[in-house]
Every structure is written in structure tokens, then in C-alpha cells.
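So the structure is just underneath, and the comments pick up after that.
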Amino acid sequence: MNKSVNRRLVGTLVILDSIGVALALLVAYWLRIVSGLLPERAFEEFAVYLRVSALIVPIFLLIFAFNNLYDTRLVRGGMEEYAQIAKSFIYGIVAVILLSYWVRVATLSRGWFLLVFVFGLLFVGGGRFLVRRALAWVHRRGRLRTRMLIVGANEQGQAIARQFRAAAGAGVDVIGFIDDFLPVGAPVPMPDQPDAPLRVLGGPDRLHDVARQHQVDEVVLVSNAVAWETFQEIMQRLSVDADQAPFEIKLSPGFYEILTTGVQVTQVAYVPLLLVNRERITGPDKLLKNGLDYSLAALNLVVAAPLMGLIALLLRLTIDGPVIERHRVLARGGGEFTTWKFNTGLGETPRPRFAHPLALADGGQATAGAAQQITRVQRLLYDSGLDKMPQLLNILAGEMSWVGPRTVSVGQVALHSPWLPNLLTVKPGITGPWAVGWKRSLDDEMRVTMVYIRNWTIWLDVQILAQTALRVLRLERDKARLPER
Numbered sequence: 000m001n002k003s004v005n006r007r008l009v010g011t012l013v014i015l016d017s018i019g020v021a022l023a024l025l026v027a028y029w030l031r032i033v034s035g036l037l038p039e040r041a042f043e044e045f046a047v048y049l050r051v052s053a054l055i056v057p058i059f060l061l062i063f064a065f066n067n068l069y070d071t072r073l074v075r076g077g078m079e080e081y082a083q084i085a086k087s088f089i090y091g092i093v094a095v096i097l098l099s100y101w102v103r104v105a106t107l108s109r110g111w112f113l114l115v116f117v118f119g120l121l122f123v124g125g126g127r128f129l130v131r132r133a134l135a136w137v138h139r140r141g142r143l144r145t146r147m148l149i150v151g152a153n154e155q156g157q158a159i160a161r162q163f164r165a166a167a168g169a170g171v172d173v174i175g176f177i178d179d180f181l182p183v184g185a186p187v188p189m190p191d192q193p194d195a196p197l198r199v200l201g202g203p204d205r206l207h208d209v210a211r212q213h214q215v216d217e218v219v220l221v222s223n224a225v226a227w228e229t230f231q232e233i234m235q236r237l238s239v240d241a242d243q244a245p246f247e248i249k250l251s252p253g254f255y256e257i258l259t260t261g262v263q264v265t266q267v268a269y270v271p272l273l274l275v276n277r278e279r280i281t282g283p284d285k286l287l288k289n290g291l292d293y294s295l296a297a298l299n300l301v302v303a304a305p306l307m308g309l310i311a312l313l314l315r316l317t318i319d320g321p322v323i324e325r326h327r328v329l330a331r332g333g334g335e336f337t338t339w340k341f342n343t344g345l346g347e348t349p350r351p352r353f354a355h356p357l358a359l360a361d362g363g364q365a366t367a368g369a370a371q372q373i374t375r376v377q378r379l380l381y382d383s384g385l386d387k388m389p390q391l392l393n394i395l396a397g398e399m400s401w402v403g404p405r406t407v408s409v410g411q412v413a414l415h416s417p418w419l420p421n422l423l424t425v426k427p428g429i430t431g432p433w434a435v436g437w438k439r440s441l442d443d444e445m446r447v448t449m450v451y452i453r454n455w456t457i458w459l460d461v462q463i464l465a466q467t468a469l470r471v472l473r474l475e476r477d478k479a480r481l482p483e484r
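Numbering that gives the first Met the number 0 numbers the first residue of the sequence shown as 0 and each following residue consecutively.
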């Protein structure tokens with residue numbers, strides 16, 4: 000985005016934040032003092048709170064600015080923005096409390112401050128969320144997009160390009176590559192859009208010229224895709240021409256294809272290092288996902304318990320073999336655990352307990368009807384996904400999630416070995432993108448699963464759960480899916 004658009008965005012954020020803080024102050028005052036819903040105390044008059052509030056709003060806006068909440072890059076940065084909002088409110092409330100003691104303006108309600116924090120997070124965070132959704136909507140319609148050039152057309156550079164092209168809401172248009180080894184004009188195939196390959200637009204020596212010619216906003220330099228001399232030359236020229244460079248330059252460590260987890264920049268003896276997270280979902284994101292998992296699992300288990308008992312009884316009376324199937328599967332981080340499912344035969348026709356003609360007085364015709372009925376019950380369990388109900392216990396045990404990659408059995412480690420470093424950074428799921436999207440092969444399944452892991456948000460989980468619920472109601476479980484594990 001250009002500077003004028005950035006200024007308008009910052010202005011919009013300042014206005015929305017001011018409104019959010021003011022609403023938080025007013026709603027907190029009404030709930031704590033006016034409503035009568037909370038215990039009464041000897042409070043200051045409304046005029047006192049009004050004067051204090053007139054000081055609080057600009058104080059909070061200044062603290063927001065110091066915490067980089069008006070850096071437009073943070074606006075598109077996910078949960079980091081909300082964490083900074085919470086931190087800013089804590090600093091702001093502490094500052095106002097200290098100021099009120101020093102100046103001796105008034106003795107303000109501690110409960111009011113607590114409610115200001117709660118409603119501030121709600122209103123300011125809600126405003127930021129609306130801005131984020133509005134930006135994504137505008138980006139998808141081709142406006143206010145960032146033009147990006149990638150230096151390095153190796154597998155890592157191609158993977159980064161595919162990711163940006165797949166995430167339309169990110170507002171990034173990859174226009175091509177700069178490469179050390181491929182000739183100018185060479186096509187770089189994109190599996191997601193085979194009819195629209197990107198091309199090499201020049202060598203590293205023409206980076207600045209190509210960037211100006213194509214009005215590039217950002218350049219991503221894949222460090223392991225270019226020669227060391229090329230990398231050094233680009234960085235030296237950037238430092239010399241910092242004022243004249245028409246773009247921002249960002250470094251990719253070059254491990255994108257084999258990493259789905261985030262990294263943190265750390266320093267040891269003033270040496271910048273990248274600390275690789277062992278889990279993809281951490282911090283506030285992890286709290287949100289766990290909250291969704293445990294709450295939905297507990298609610299569903301209350302409703303599902305009688306139904307599970309009925310299904311178990313029906314299976315016990317109608318088929319030989321175990322009612323519950325047990326599978327040893329890989330856990331997040333590489334351990335193992337046991338997951339459970341009702342026995343549906345996994346596509347095989349189970350032998351009914353009363354299949355022999357002598358078992359029923361009515362003879363073979365009744366036996367055939369019984370076999371057909373049993374087959375329909377087990378098919379219904381499989382098609383509806385109700386065979387997975389016992390896995391609610393795996394969710395409550397913290398071993399599985401509602402949404403995630405498909406479970407991988409311990410006997411299929413070799414088959415999944417290329418993807419295991421990424422698959423094992425999250426919990427396996429009862430459902431996932433593999434359950435609601437069409438696929439033809441294991442490669443297709445892994446590709447959509449990797450996109451899910453890299454682009455995870457709580458809203459994506461909610462979307463997949465809604466799509467899964469519709470498929471369950473329509474009995475549309477994928478018949479062409481890979482064998483259950």
C-alpha cells in the first residue's frame with residue numbers, strides 16, 4: 000500500500016480506537032455505578048469520571064502508538080495485534096491510576112478500571128477485527144494490493160509464491176522472480192495455476208531496475224536461493240541506496256517448504272538468531288483452539304453419550320468382532336496414542352451374528368433381510384461420520400482436536416515421512432480440510448493439509464466445522480477418500 004493509503008488507514012484506526020475507548024469508559028461506568036447490578040459504594044459524581052475520561056482517551060492513544068498499533072504492518076499481523084492491545088490497556092490503566100494518585104483529582108472505582116479493561120478489549124479489538132475483515136474484502140477484489148518480487152526461484156521461492164497466491168485476503172500480488180541461474184523470461188511453473196506461470200524478470204544485478212519498472216512494493220529475498228556473493232551485493236546496494244530504493248526488502252530463511260511453525264527472532268551476544276517453535280499454534284491462538292475443542296467436546300459428549308450406548312448395543316447384537324476399533328496413531332510432537340472408532344468394517348461387509356440360515360426360524364429370506372439391515376446401519380455410521388464419536392474422549396484427553404490433519408497410524412509412517420515434520424506440529428483432527436475438500440491422491444490431501452496448517456486461524460476451524468456439519472446432515476462423507484487409519 001502506498002503512503003496516502005497508509006495515512007488514511009492510520010486515521011481510520013485512530014478514530015475507531017477513540018470510539019472504542021470512549022465506549023468502554025461509558026459502558027463500564029453504567030455497569031459499575033448506574034445499573035445497580037453490582038454492590039454499591041461511595042462513588043464520585045459522573046462529572047468527575049467525565050473529566051478523567053477526557054484525559055484517558057488521548058493517554059490510551061499515545062500508548063497505542065508507542066506499542067506500534069498504528070504500524071500498518073501490524074494491522075495485518077494476526078493475534079500479535081490483539082496481544083498488543085491488551086498490553087496497551089494494562090499500561091494505560093496503570094498510568095491513569097498513578098496519575099490520579101499523584102494529582103489527587105479523584106478516587107476512582109477499582110471495579111470501573113477492571114471493566115474498562117474488559118470492555119476496552121472487546122470494543123477496540125472488535126474495531127480492529129472489522130478493519131482486518133474490510134481489508135481482506137478489499138484485497139480479494141483486487142484493490143490496495145502489494146506488488147511483490149521474489150529473489151530466488153528455487154523450491155523455497157516457488158513455495159512462497161504459491162502461498163501468497165493462495166491467500167487472496169493477504170493482498171499480495173507476486174509479479175515474478177529475480178534469479179541467479181535461470182535466464183530472463185524463463186517460466187516458473189505454479190501447480191495451483193498451471194496456465195499462469197510466473198517468469199524470471201531479470202538477474203540480481205537488475206533488481207532495482209525491475210522493481211522500478213514493475214512498481215514493486217516489497218522484495219522477498221530467499222537467502223538459500225542465491226549465491227552468497229549475490230546476497231552480499233544486494234544488501235550492500237540496499238544500504239547505499241536506502242533512500243532511493245522504491246521497495247521494502249524482507250528476508251526469508253529459506254526453510255518455508257519444510258516448516259509450518261513460526262519463528263522468533265532472538266539475540267545471543269548480539270547475534271540475531273531464529274528460534275523455531277516446535278508447535279504451529281501457540282500463545283493466545285492455542286488458548287482459543289483449546290477452548291473451542293474442550294467446550295464443544297464436552298457439550299457434544301453430554302448429548303452423544305446415550306446415542307453411543309445405543310450404537311454400541313446395536314453393533315454388539317448384530318456383528319461378530321469388537322464394537323470399538325482401536326488404532327495406534329502418531330501424536331503431536333511424535334509420540335503415540337490410541338484412538339477409538341465404532342466398527343463399520345471400513346468398507347468391508349461385516350459377518351452378521353445371525354447370518355446362518357438355521358439361526359432364524361424364517362429361513363434364508365429373513366436372514367438376507369437382517370444382513371441387509373445390518374449393512375445399512377454400518378454404512379449409515381460411516382457415511383454420517385458417527386463412527387468417530389468415541390474420539391470425543393481423545394479431544395477431552397488433549398490428544399486430538401476437532402479440526403486438524405487426518406490421523407496417521409504407526410504403520411504408515413514411511414508413507415507420510417515427507418510431511419511428518421509439519422503434520423506433527425499440530426494435533427490430528429476428527430475432521431479437517433481433507434474431509435470437506437475434493438481430492439484425488441495423497442499428495443492432494445497433504446497439499447490442502449499444509450495450506451490449513453500454515454494459514455490456521457480460529458475462523459478457519461469454525462468454517463470447516465460448519466462445512467462438516469452440513470456434510471454429516473447430507474450423509475456426504477467422501478466415498479473416494481483414502482482408507483481410514
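In this text, a Cβ means the ideal position worked out from N, Cα and C, and glycines have one as well. Just so we're clear, the structure is a prediction, and the values are computed from it rather than from any experiment.
Short Cβ contact (9 Å threshold) for residue i with residue j
{"i": "Val-435", "j": "Ala-165", "result": "no"}
{"i": "Ala-304", "j": "Pro-427", "result": "no"}
{"i": "Leu-472", "j": "Val-402", "result": "no"}
{"i": "Ala-152", "j": "Val-199", "result": "yes"}
{"i": "Ile-177", "j": "Val-137", "result": "no"}
{"i": "Val-117", "j": "Ala-27", "result": "yes"}
{"i": "Thr-448", "j": "Trp-418", "result": "yes"}
{"i": "Ile-92", "j": "Phe-65", "result": "no"}
{"i": "Gln-390", "j": "Thr-343", "result": "no"}
{"i": "Phe-341", "j": "Met-388", "result": "yes"}
{"i": "Asp-216", "j": "Arg-146", "result": "yes"}
{"i": "Leu-385", "j": "Ala-297", "result": "no"}
{"i": "Gly-175", "j": "Leu-197", "result": "yes"}
{"i": "Glu-232", "j": "Asp-204", "result": "yes"}
{"i": "Arg-277", "j": "Thr-265", "result": "no"}
{"i": "Ser-408", "j": "Ile-429", "result": "no"}
{"i": "Ser-99", "j": "Val-51", "result": "yes"}
{"i": "Val-4", "j": "Leu-143", "result": "yes"}
{"i": "Leu-120", "j": "Arg-31", "result": "no"}
{"i": "Gly-141", "j": "Ile-84", "result": "no"}
{"i": "Leu-15", "j": "Arg-127", "result": "yes"}
{"i": "Gly-332", "j": "Ala-82", "result": "no"}
{"i": "Met-189", "j": "Ala-169", "result": "no"}
Those residues which DSSP pairs with residue i across a bridge
{"i": "Lys-86", "result": "Paired residue(s): none; Lys-86 is not in a bridge."}
{"i": "Gly-175", "result": "Leu-148"}
{"i": "Glu-398", "result": "Bridge partners of Glu-398: none, in fact."}
{"i": "Thr-337", "result": "Arg-327"}
{"i": "Thr-430", "result": "Val-402"}
{"i": "Gly-201", "result": "Ile-177"}
{"i": "Val-447", "result": "None, per the DSSP bridge assignment."}
{"i": "Thr-265", "result": "Leu-272"}
{"i": "Pro-389", "result": "In the DSSP output, where bridge partners are listed per residue, Pro-389 has none listed."}
{"i": "Val-187", "result": "Leu-197"}
{"i": "Ser-440", "result": "DSSP lists no partner for Ser-440."}
{"i": "Ser-408", "result": "Val-328"}
Whole-Å CB distance - residue i paired with residue j, under 8 Å assumed
{"i": "Thr-424", "j": "Ile-452", "result": "7 Å"}
{"i": "Gly-201", "j": "Val-183", "result": "6 Å"}
{"i": "Asn-393", "j": "Thr-338", "result": "5 Å"}
{"i": "Leu-300", "j": "Val-209", "result": "That pair is no contact at about 58 Å."}
{"i": "Gly-19", "j": "Phe-122", "result": "4 Å"}
{"i": "Ser-108", "j": "Leu-60", "result": "Wrong, their Cβ atoms sit about 23 Å apart, outside the cutoff."}
{"i": "Val-322", "j": "Leu-314", "result": "5 Å"}
{"i": "Asp-382", "j": "Leu-474", "result": "4 Å"}
{"i": "Ala-224", "j": "Gly-156", "result": "5 Å"}
{"i": "Ile-62", "j": "Ser-87", "result": "5 Å"}
Boundaries of the beta strand (DSSP E) in which residue i is found, first to last residue
{"i": "Gly-110", "result": "Unbroken run through Gly-110 is the alpha helix (DSSP H), 109-139; no beta strand (DSSP E)."}
{"i": "Val-219", "result": "217-221"}
{"i": "Leu-250", "result": "247-251"}
Opening and closing residue of the alpha helix (DSSP H) in which residue i lies
{"i": "Lys-2", "result": "2-28"}
{"i": "Val-318", "result": "The question names Val, but residue 318 in the sequence shown is Ile. Ile-318 -> no alpha helix (DSSP H), and no H or E assigned at all."}
{"i": "Gly-156", "result": "154-165"}
{"i": "Asp-460", "result": "457-473"}
{"i": "Pro-57", "result": "45-65"}
{"i": "Asp-208", "result": "206-212"}
{"i": "Leu-422", "result": "419-422"}
Practice problem: Within the region 280-316, note down every full alpha helix (DSSP H) run reaching 4 residues or more, in order along the chain. | Solution: Unbroken alpha helix (DSSP H) runs of no fewer than 4 residues, entirely contained in the region 280-316, are not found.
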